[in-house]
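Have a look at the structure below, then the notes.
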Amino acid sequence: MPELVFFSGTMDCGKSTLALQIAHNRSARGLQSLIFTRDDRAGEGKLSSRLGLVTEAVEATPELDLYVFVVERMSRGGKVDYIVVDEAQFLLTEQIDQLARIVDDLDLDVFAFGITTDFRTRLFPGSQRLIELADRVETLQVEAMCWCGARATHNARTVGGEMVVEGEQVVVGDVGMGTVGYEVLCRRHHRKRMTSATAHAAALSPDVLPVTSG
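First residue of the sequence shown: 1, per UniProt numbering; consecutive thereafter.
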């Protein structure tokens with residue numbers, strides 16, 4: 001039976017890489033994908049991974065009805081065997097409903113990939129709706145690591161290396177890029193707002209340096 005499957009995790013856990021791998025494996029069997037994405041780091045209409053892999057995709061703008069788009073593609077003779085959706089956390093809740101309708105009415109598998117929570121530890125609306133509707137929710141097994149070496153469970157937004165907890169939910173960026181960046185942290189260091197940069201600065205502080213007598 002066709003399924004709506006939500007692959008979730010933090011940043012750096014290989015979501016986009018797995019999305020590309022699924023598309024590659026199925027295309028090798030002669031199956032044709034239709035790939036949607038939203039606000040990818042590589043730019044509009046791209047699905048990319050941090051490993052440098054990239055492929056063309058359809059930009060799922062807020063105005064796009066995903067179900068209607070697929071129906072129109074198929075009615076024009078386009079071959080669609082399954083759907084891949086990356087950055088699914090950025091989709092509108094009604095677009096997630098459209099993905100479920102694609103599964104139920106068009107008998108197509110839909111594989112959605114996304115971050116579950118934002119930098120404030122709040123569920124993205126798109127991710128919340130996927131959890132509510134998906135036939136399966138799969139947590140990716142590639143464990144991202146906090147700077148301390150513990151398993152990273154939370155996404156943090158940084159400005160100048162310091163963690164922030166206020167601002168717009170969606171600000172597109174990447175790890176270590178520009179003034180606004182993102183970092184994955186364990187729960188302890190997310191609670192303490194301690195990023196790798198602030199931890200490094202604290203380690204170099206004169207207050208914690210050992211004192212030696214000359």
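Ideal placement from N, C-alpha and C gives every residue a C-beta, glycine not left out. What you are looking at is a predicted structure, and each value in this text was computed from that prediction instead of being measured.
Query raised in the report: Using the C-alpha atoms, what's the distance from A156 back to I96?
Result: In a straight line, the C-alpha of I96 is about 25 angstroms away from that of A156.
Requested in this report: From the DSSP output, in three-state form, read off G126 for me.
Outcome: Note: G126 maps to helix in three-state DSSP.
Query raised in the report: Between which two residues does the beta strand (DSSP E) containing T158 stretch?
Result: Run containing T158: H154 to V159, per the beta strand (DSSP E) assignment.
Query - Exposure of V103, with buried meaning 16 or more beta-carbon neighbours within 10 Å - result: Its Cβ being crowded by 16 or more others within 10 Å, V103 is buried.
**Report entry** Per-residue burial, E168 [other beta carbons within 10 Å of its own, 16 or more giving buried]
**Finding:** By the 16-neighbour rule on beta-carbons within 10 angstroms, E168 is exposed.
Query raised in the report: Within this structure, are the beta carbons of F69 and G126 separated by less than 8 angstroms?
Result: Contact flag unset, no.
**Report entry** Backbone secondary structure at residue 217 - three-state DSSP
**Finding:** The shown model of the chain, from 1 to 214, leaves out residue 217, and the question about it has no answer.
**Report entry** Contact set for residue 220: own chain, Cβ-Cβ below 6 angstroms, skip 5 residues either direction
**Finding:** Absent from the structure is residue 220, since the part of the chain shown begins at 1 and ends at 214.
Query raised in the report: How would you write the range of the beta strand (DSSP E) that L18 sits in, first residue to last?
Result: That residue, L18, is in no beta strand (DSSP E); its alpha helix (DSSP H) goes K15 to S27.
Query raised in the report: Going by DSSP, what residues sit across from S79 in a beta bridge?
Result: The sequence shown places Lys at residue 79, not Ser. In the DSSP secondary-structure assignment, K79 is not bridged to any residue.
**Report entry** Separation of V164 from A202, as counted between CA atoms
**Finding:** Each residue's alpha carbon lies about 18 angstroms from the other.
Query raised in the report: Does any heavy atom of the ligand PLP sit closer than 7 angstroms to the C-beta of A57?
Result: Absent from the structure shown: the ligand PLP. Ligands present: none.
Query raised in the report: From which residue to which residue does the alpha helix (DSSP H) around R136 run?
Result: Judged by DSSP secondary structure, R136 falls outside any alpha helix (DSSP H) and instead within the beta strand (DSSP E) spanning R136 to T139.
**Report entry** Three-pair Cβ contact test at 8 angstroms for the region 35 to 45 versus the region 140 to 154
**Finding:** Verdict: no, contact absent.
Report task. Pull up the DSSP beta-bridge partners for F7, would you. Result -> F7 is bridged to F113 and E138.
Query raised in the report: Is the beta carbon of V180 less than 8 angstroms from the beta carbon of M11?
Result: It is not a contact, given that the beta carbons lie outside the stated cut-off.
Query raised in the report: DSSP three-state call for A197: helix, strand or coil?
Result: Helix at A197.
Query - Residue closest to D81, alpha-carbon to alpha-carbon, out of T195, L31 and H24 - result: Ranking T195, L31 and H24 by Cα distance to D81 puts L31 first.
Report task. Provide the residue span of the beta strand (DSSP E) that contains E183, from first to last. Result -> DSSP places E183 in the uninterrupted beta strand (DSSP E) bounded by V180 to L185.
Query - Option nearest T99 by Cα separation, candidates L66, F113, T198 and A199 - result: In the sequence on display, residue 99 carries Leu and not Thr. Out of L66, F113, T198 and A199, L66 has the C-alpha closest to the C-alpha of L99.
Query raised in the report: Which residues mark the beginning and the end of the beta strand (DSSP E) in which S33 is found?
Result: Here the beta strand (DSSP E) through S33 covers S33 to T37.
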